[in-house]
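What follows is a short report on a single structure.
In our numbering, the protein residues as written are 2 to 347.
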């Protein structure tokens with residue numbers, strides 16, 4: 002490892018985070034800490050929060066009297082606002098004035114690190130130390146396992162829970178009205194979006210899956226995603242021969258959670274919606290491109306993926322060495338169709 006690589010910004014933060022935890026935790030036995038307040042920092046994306054939701058339930062299971070606060074990005078907050086294990090949500094570190102007994106850093110920043118050092122909690126548990134241990138132990142593990150490992154020092158019950166999301170009553174009401182209007186008694190979700198273009202399977206291939214699965218299994222598909230995914234969703238609907246409709250433009254993350262709760266199938270790229278769907282235990286087919294194997298697989302007993310792992314994996318998901326033939330295109334319609342049939346039969 003070169004000095005340049007060792008001291009790039011992200012690595013500098015990880016090193017500082019490990020040192021900060023060792024300083025704060027010096028001479029303390031985490032298993033003996035009985036916190037009255039816990040702050041979980043998760044400044045991350047939708048899928049990352051969906052694969053961390055079990056942290057809240059496990060902390061509450063072991064420390065039911067502790068007040069649990071989550072610091073997250075504003076657009077992710079609706080994902081956890083109905084979670085009965087979360088007592089308070091902060092969407093900006095600027096409002097952090099309270100001293101917490103335990104700070105759990107699932108994904109922090111230099112700002113949250115500085116505030117933690119200033120507030121001096123009894124204990125700090127951080128992601129950086131676990132990531133370092135994973136690398137020394139032979140490689141990365143699934144994100145859900147990493148999140149459990151971070152909080153393990155203060156858990157009395159070692160039995161793991163799986164991530165679970167909760168639906169708001171208003172979102173369920175809006176979704177029910179939409180489903181009734183479109184006659185969707187049994188429905189599936191198709192999600193053609195992803196943050197990186199290298200993780201987006203072509204819309205015409207999704208449309209072929211929609212037509213075939215709808216005909217074979219009697220499912221009406223609903224296209225879901227953000228505003229940037231609308232062109233792909235509209236193309237899928239246009240090519241679906243009446244087998245798909247688009248979710249309304251004003252549906253938010255709250256409605257996505259409600260749609261996932263009642264769906265009979267989810268087919269989509271490696272993305273936040275995929276992890277939201279998987280948290281409900283419904284059949285999920287994830288289509289992967291440059292993603293790291295195993296780390297972000299959809300969880301759940303009825304989840305599977307289609308993933309061709311090339312020698313260039315993992316990559317930065319920006320500078321593709323195969324720009325005219327990216328790995329996401331190696332996933333065939335037949336493979337995705339077979340995967341959908343498999344999970345529907347489970």
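Even for Gly, the Cβ is constructed at its ideal location relative to N, Cα and C.
Predicted model only: the values in this text are computed from it and were never measured.
- Residue 293: not part of any beta strand (DSSP E); DSSP gives it neither H nor E.
- A direct Cα-to-Cα measurement between residue 58 and residue 323 gives close to 42 Å.
- Look at the region 172 to 218 and you find these whole runs of alpha helix (DSSP H), each 4 residues long or longer: 204 to 218.
- Excluding five sequence positions before and after residue 26, the CB atoms of its chain that fall closer than 8 Å to its own CB belong to 124 and 125, given in chain order.
- A Cβ-Cβ contact shorter than 8 Å links residue 230 with residue 193.
- The beta carbon of residue 321 is closer than 6 Å to those of 199 and 327 in its chain, skipping five residues each way along the sequence.
- Around the beta-carbon of residue 172, 16 or more other beta-carbon atoms lie within 10 Å, marking it buried.
- For the pair residue 329 and residue 227, the Cα-to-Cα distance works out to about 20 Å.
- Counting the other CB atoms within 10 Å of its CB gives residue 43 a total of 16 or more, which places it among the buried residues.
- One Cα belongs to residue 70, the other to residue 13, and the distance between them is close to 27 Å.
- Remark: three or more beta-carbon pairs, one from each stretch, lie closer than 8 Å, so the region 254 to 262 and the region 157 to 168 are flagged as touching.
- Spatial neighbours of residue 55 in its own chain (CB-CB distance under 6 Å, excluding positions within 5 residues in sequence) are listed in chain order as 162, 163 and 164.
- Beta bridge pairing from DSSP links residue 89 with 70.
- Non-local C-beta neighbours of residue 303 in its own chain, meaning closer than 8 Å and more than five positions away in sequence, comprise 282, 283, 284, 285, 344 and 347, ordered along the chain.
- Around the beta carbon of residue 287, a 10 Å sphere encloses 16 or more other beta carbons of the protein chains shown; the residue is thus reported as buried.
- Apart from the 5 residues on each side of it in sequence, residue 276 sits with its Cβ closer than 7 Å to the Cβ of 48, 51, 52 and 299 in its chain, given in chain order.
- Here the region 266 to 275 does not lie against the region 238 to 247, with fewer than 3 beta-carbon pairs under 8 Å apart.
- Within the region 208 to 282, complete beta strand (DSSP E) segments of at least 3 residues are found at 221 to 224, 245 to 247 and 266 to 270, given in chain order.
- In summary, residue 306 is buried, with 16 or more beta-carbon neighbours lying within 10 Å of its beta-carbon over all protein chains present.
- Secondary structure at residue 305: strand, using DSSP grouped into helix, strand and coil.
- A straight-line Cα-Cα distance of about 14 Å links residue 102 and residue 65.
- The region 205 to 214 and the region 230 to 241 touch, with three or more beta-carbon pairs separated by less than 8 Å.
- In this structure, the straight-line span from the alpha carbon of residue 77 to that of residue 45 is close to 8 Å.
- Apart from the 5 residues on each side of it in sequence, residue 63 sits with its Cβ closer than 8 Å to the Cβ of 155, 156, 157 and 158 in its chain, given in chain order.
- Comparing C-alpha distances from residue 308 to each of 293, 190, 181 and 138 shows the shortest one belongs to 293.
- In the structure shown, the three-state DSSP call for residue 95 is helix.
- Rounded to the nearest whole angstrom, the CA to CA distance from residue 34 to residue 233 is 50 Å.
- Boundaries of the beta strand (DSSP E) harbouring residue 107: 103 to 108, taken from the DSSP string.
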